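*Asks:* Residue 36 in our numbering sits at position 36 of the sequence shown; the count goes up by one each step and never skips.
Sharing a structure below in structure tokens format, with a few things to ask.
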Amino acid sequence: MNTQALMDTARALVADDKGLLAMDESNPTCNKRFAKLGIPQTVKARRSYRELIVTTPALGECISGAILYDETIRQQKKDGTPFVKVITDAGIIPGIKVDTGAKDMAAHPGEKITEGLDGLRDRLKEYSQMGARFAKWRAVIAVGDGIPSRGCLEANAQALARYATLCQEAGLVPVVEPEVLMDGEHALERCREVTEEVLHTVFHQLYTQRVMLEGIILKPNMVLPGLTCPKQEAVDEVADATVKCLLRAVPAAVPGIAFLSGGQSGELASARLNAMNVRFKSRLPWQLAFSFARAIQQPALEIWKGKEANVLPAQQALVHRAKCNRAARRGEYSAAMERGVGTL
Ligand code: 13P
């Protein structure tokens, strides 16, 4: 294991106020999002959309790494240039989603366990040869009556740790993603409690299984009230609860925390990340960054609608969200940026 190279890659992923672009939707997830907008659910359409993303001008000024999906890492631009080369030439580090999805957990109604460990060592070797320098694995934790259970937390944490050691062995930085879902009526305090327990469980497993913490990125949820909770806290309260929770559970050796967006709007995700950096940045041991999919891509996808003529405005919308999030890392994001005012 080349410890220094892993540490360098992990630091590079959260350097210069940039963040990650998650464009690793599995084919079923990507198809679902296309279907809602009347876009054909074909390999051709998915390839065109991914070409739109990776050829967005100036994306590398705000995006440090792009997480690809197995189909995408093997694809090329229309002119034959591999996406991995396009990304790398833009100064963006290629990454790859390696879990094979969250499946219903036996004897645990309403809970999921993420699969993908079988054959992972060989797949990581192949992805590394294709140019990937980091990887992602997502565990999904639902909040509800009597859940999450210890069984679900421990099984998912153990899988995350086994994935992370295999990644480091292969020279890839593991992005460790335990996502506490927003779905439900639960209050912010319940999300904080669950997130804290999840993170303690995950870091205990990472330690037990000899993961080098300086060579990972943590990708957690923000601490939020459930989507249908009647009380929706203000941005600053979310920022305070999230940072307080992370300070209790995430070792200082971890170089960076890159949040998932989880279904928040782009504006809210930027505003909350901004508030955390405004209020706490100078006092934190790790960088607070972003690794958004929907909160960066959604407006662009809605503009594109599968039509060649919409590529340029869609790319402008994509880079706008990326710029807003870079500003949020600096604590310089404001609602005015959404009206095209301010320094992008
Ligand atoms: P969202 O930002 O849309 O939650 O996606 C992040 C991600 O990579 C989920 O695994």
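The C-beta atom is built at its ideal place from N, Cα and C for all residues, glycine as well.
These numbers come from a predicted model, not from an experiment.
Around the ligand 13P, which residues pass a check of Cβ closer than 5 angstroms to any of its heavy atoms?
*Replies:* A22, R138, L260, S261, G262, F292, A293, R294
*Asks:* For G65, write down the residues that DSSP places opposite it in a beta bridge.
*Replies:* L20, I93
*Asks:* Give me whichever residues DSSP pairs with D104 in a beta bridge.
*Replies:* K112
*Asks:* Classify E51: buried if its beta carbon has 16 or more other beta carbons within 10 angstroms, exposed otherwise.
*Replies:* Buried, since its Cβ has 16 or more Cβ neighbours within 10 Å.
*Asks:* Could you give the distance in angstroms between the alpha-carbon of E185 and the alpha-carbon of V176?
*Replies:* 26 angstroms
*Asks:* Answer with yes or no whether the minimum CB distance from A253 to chain C is below 8 angstroms.
*Replies:* No chain C appears in this structure, which consists of one protein chain only.
*Asks:* On a Cα-Cα basis, can you pick out the residue from A241, A335, I39 that is closest to W304?
*Replies:* W304 has its Cα closest to that of I39, out of A241, A335, I39.
*Asks:* Out of curiosity, what's the CA-to-CA distance linking R114 and D236?
*Replies:* It is worth fixing the name first, because residue 114 is Thr in this sequence and not Arg. Near 33 angstroms, if we compare the C-alpha coordinates of D236 and T114.
*Asks:* Helix, strand or coil for I73? Go by DSSP, reduced to three states.
*Replies:* helix
*Asks:* Closest to G119 by CA distance: which of T242, R162, M7, A335 is it?
*Replies:* R162
*Asks:* Between the Cα of L218 and those of N274, R138, F83, spot the shortest distance and give me the residue it belongs to.
*Replies:* R138
*Asks:* For M276 and G331, what's the separation of their Cα atoms in angstroms?
*Replies:* 8 angstroms
*Asks:* Quick check: what's the CA-CA separation for E179 versus K112?
*Replies:* 11 angstroms
*Asks:* Please confirm whether C191 and S270 have their CB atoms less than 8 angstroms apart.
*Replies:* no
*Asks:* In whole angstroms, what is the alpha-carbon distance linking E214 and S128?
*Replies:* 20 angstroms
*Asks:* Could you tell me if L344 is buried or exposed, where buried requires 16 or more neighbouring beta carbons within 10 angstroms of its beta carbon?
*Replies:* With a pLDDT of 45 at L344, under the threshold of 50, the modelled position of this residue cannot be trusted, and the question is left open.
*Asks:* Quick one: which unbroken beta strand (DSSP E) runs of 3-plus residues sit fully inside the segment 120-207? Chain order, please.
*Replies:* 134-141, 173-180
*Asks:* Determine the burial state of V341: buried for a count of at least 16 other Cβ atoms within 10 Å of its Cβ, exposed for fewer.
*Replies:* Low confidence applies here, because V341 scores a pLDDT of 48, under 50, leaving its location unreliable; read the following figure in that light. Exposed, by the Cβ-count rule.
*Asks:* Could you round the C-beta distance between A289 and G256 to whole angstroms and report it? I think they count as a contact, below 8 angstroms.
*Replies:* 6 angstroms
*Asks:* To the nearest angstrom, report how far apart P345 and R74 are at their CA atoms.
*Replies:* Any question about residue 345 goes unanswered here, given that the chain covers just 1 to 344.
*Asks:* Going by DSSP, which residues form a beta bridge with F259?
*Replies:* DSSP lists F290 as partners of F259.
*Asks:* Within 10 angstroms of its Cβ, does G65 collect 16 or more other Cβ (buried), or is it exposed?
*Replies:* buried
*Asks:* When you compare each of V194, F134, D79, H204 to Q158 by their alpha carbons, which one comes out closest?
*Replies:* Checking every option, the nearest Cα to that of Q158 belongs to H204.
*Asks:* Is it buried or exposed for L37, if we count other Cβ within 10 angstroms and need 16 for buried?
*Replies:* exposed
*Asks:* Can you pull the DSSP bridge partners for P82?
*Replies:* BP columns for P82 point to Q76.
*Asks:* Exposed or buried, what is E25 when buried is set at 16 or more other beta-carbons lying within 10 Å of its beta-carbon?
*Replies:* buried
*Asks:* Less than 6 angstroms between C-beta atoms, sequence neighbours within five positions excluded: which residues of the same chain meet that for A102?
*Replies:* K112, T114, V140
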